[in-house]
Amino acid sequence: MSSHFITVCQDCGYKSPFLPGSPACPKCGSLWRDAVYDYANLAYTLPFVLPGRPFDIWRYRELLPIRDPNPDLSLGEGGTPLIHANNLGMMLGLPNLYIKDERQGPTSSFKDRQAALMMASLKEAGINEMVCASTGNVAISYSAYAARAGIKLWAFLTSLVPAAKMREVALYGTQVVKITGTYDEAKQMAAEFAKQRNLFLDLGTRSIPCLESMKTVAFELAEQLTALLGRDEKNGQTAPWRSPDWYLQAVSGGLGPLGVMKGFNELHTMGLIPNPPQIGIIQAEGCAPMVHAWRQHKDVAIPVKSPNTLIATLATGDPGRTYTQIYKKMDEAKGGAIESVTDEEAFRAMHFLAKMEGLSIEPAAAVAFAGLVKLVRAGKIKSNEIVVVNCTGHTMPIERNILGEGWEHNIDLSADDLAEDGREEGLLAALSTVALDRFPRIAIVDDEPNVRTLIRRILQSQGNYQLFEANNGKDAVEMIAREQPNLILLDLMMPDMDGFQVMDALQLKKETKDIPIIVITAKELTVAENKRLKGHIQTLMQKGDFMNDDLLDEVRALLK
Ligand SMILES: [Zn+2]
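First residue of the sequence shown? That's 97 in the numbering used here, and the numbers climb one at a time after it.
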């Protein structure tokens, strides 16, 4: 049976068919080969065959290294939702911010695409045992799909992989080999083990099914964005699908973004999208070999020998040739960014994703969002651009490390003094001990409901506050006198009684004149206006400045 694609060796250019069990170039032995499809033909046929197919990775089977997808092996991989991040977008000034929610895959990570295609490909080739090394998520995905396909899996995991993840791997029947060493060492051990036993070894980026599977993220995004926003008609574009302006992903080894880039490039080659997006690759600062090389304009990354990050999933110290390929592609595209963020920034992002968008994400995915904030602040990502962030991952026991103490309200109903006869009273008394009023009190005064909501969300995303709102000056003065907040956030430009008049009114009363005020304004102030503020207020902030931590820092400083 003739194949619908061919492999081309990256080193010698030799063209050969794809056999899953023979990963090397038959001519020069190189493990680096590209899958190439009949793009001219597909450009014509693809738009006709897609409608009516289910929204999963097999929808794009003509662009995958598989002959005959077996539905019995499927767990519903791919076809994840694209979520409009309305609140986070408002905070960052990005109205077109979207989240590709890969948490909703069968094992909660984007690696499900890879596992599904890898196992299907091995089954097609009659291979029933394999070896992989993993920082966690790959092993879980592979284990689930291997179990389904009846393939025996050996997973080499570093001891940094959280115990909960390791147990999940074992639950699927995978043989877990725990390596007390780095991920790169685990990879070496896995390779040696596979060689000794003559078993199939997962080669990550060099395994054609692995890389090809990631293209489906790009294909889905193009279809989803087109459905949401219509086709991209600026500059007379006639391509049927749309692509984002930016695609961001946290990386460990780099397989994900490299595959997604290939997907977008193929769509572009076929004329289905006007342009591929710029790629934002985000690493954890304690293990960021790509970032170091990128900053020095080098196409080879120097391996990080001892990764120093709590985010074990991202601790690939040596990205090898994957980075070189990413560098080449980004250099050709003359765009994109490779950036790093600290663990602390990532943990903060976990908070705001959960509290602003209702998404509990794993630290590795939070790295991408922390990177988003950084790229927006640096002006790399512009407010009119369409941005997609890949969100993946298991929630794992790291909450313990980022949540701290005192987040729960305790009610103990086991106490003896809750006698039967007085039980109802006892319950009410117990409820009243829940100290809802122990948090700092903040008044928000603004006539625009959107701004009040935004400020509320920003404050709630990073701390516990008791918030009071007023939408005009008159109500604000009354409310402040009544509630005695510890701090006031005050809009200057309001109809009828404006912020200046509110301040004057507060000055007249002994109980309100000393409450600190942060003034929030949408415009530059005149000299006269500035003069009126002198002595009254603590801080002046511009609307739209909220994306950085200034507002929170000011709030915290003034509450002390
Ligand atoms: Zn070759």
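Each residue gets a CB set at the ideal place from its N, CA and C atoms; glycine is no exception.
- For Ala601, the CB contacts under 7 angstroms within the same chain, skipping 5 residues up- and downstream, are Val573 in chain order.
- Below 8 angstroms, too few C-beta pairs join the segment 440 to 457 and the segment 325 to 340 to call them touching: fewer than three.
- Non-local beta-carbon contacts of Tyr423 in its own chain, meaning distances under 6 angstroms to residues more than five positions away in sequence, involve Asp395 in chain order.
- With 16 or more neighbouring CB atoms inside 10 Å of its own CB, Lys219 falls in the buried class.
- Here DSSP, grouped into helix, strand and coil, assigns Lys425 to helix.
- Ala216 is a Cβ neighbour of Ile162, given a cutoff of 8 angstroms.
- By the neighbour-count criterion, in which 16 or more other beta carbons inside 10 Å mark a residue as buried, Gln638 falls on the exposed side.
- In the structure shown, the three-state DSSP call for Phe151 is coil.
- Taking the Cβ of Cys228 as the reference point, every heavy atom of ligand 1 lies at 7 angstroms or farther away.
- Contact between Leu213 and Glu308 holds, with the beta-carbon distance rounding to 7 angstroms and staying under 8 angstroms.
- Nearest Cα to Pro167 within the set Gln345, Arg293, Pro150: Pro150.
- Residue environment: Lys261 is assigned as buried (16 or more neighbouring CB atoms within 10 Å of its CB, all protein chains considered).
- With a 10 Å radius around the Cβ and a threshold of 16 neighbouring Cβ atoms, Cys108 comes out exposed.
- Going by beta carbons, Gly349 and Met310 fall outside the 8 angstroms limit.
- About 33 angstroms separates the CB atoms of Asp280 and Asp152; that is not less than 8 angstroms, and the two are not in contact.
- Counting C-beta atoms within 10 angstroms of its own C-beta, Ile398 has fewer than 16 neighbours from the protein chains shown and is therefore classed as exposed.
- DSSP places Ile434 in the uninterrupted beta strand (DSSP E) bounded by 433 to 437.
- Going down the chain, each residue whose beta-carbon is closer than 5 angstroms to a heavy atom of ligand 1 shows up: Cys105, Asp107, Cys108, Tyr110, Cys121, Lys123, Cys124, Ser126.
- By the 16-neighbour rule on beta-carbons within 10 angstroms, Glu264 is buried.
- As computed with DSSP, Gln345 is found in a beta bridge with Ile377.
- Boundaries for Cys105: no alpha helix (DSSP H) harbours it, while the beta strand (DSSP E) harbouring it runs 101 to 105, taken from the DSSP string.
- If you compare the alpha carbons of Met426, Pro536, His180 with that of Val484, the shortest gap goes to His180.
- Within its own chain, the residues whose Cβ lies closer than 7 angstroms to the Cβ of Leu193, once the five positions on either side in sequence are excluded, are Ala181, Leu184, Gly185, Val483, listed in chain order.
- Taking the Cα of Ala243 as reference, the smallest distance to any Cα among Thr254, Pro340, Ala266 is reached at Ala266.
- A residue is called buried once 16 or more other Cβ atoms fall within 10 Å of its Cβ, and Ser118, having fewer, is exposed.
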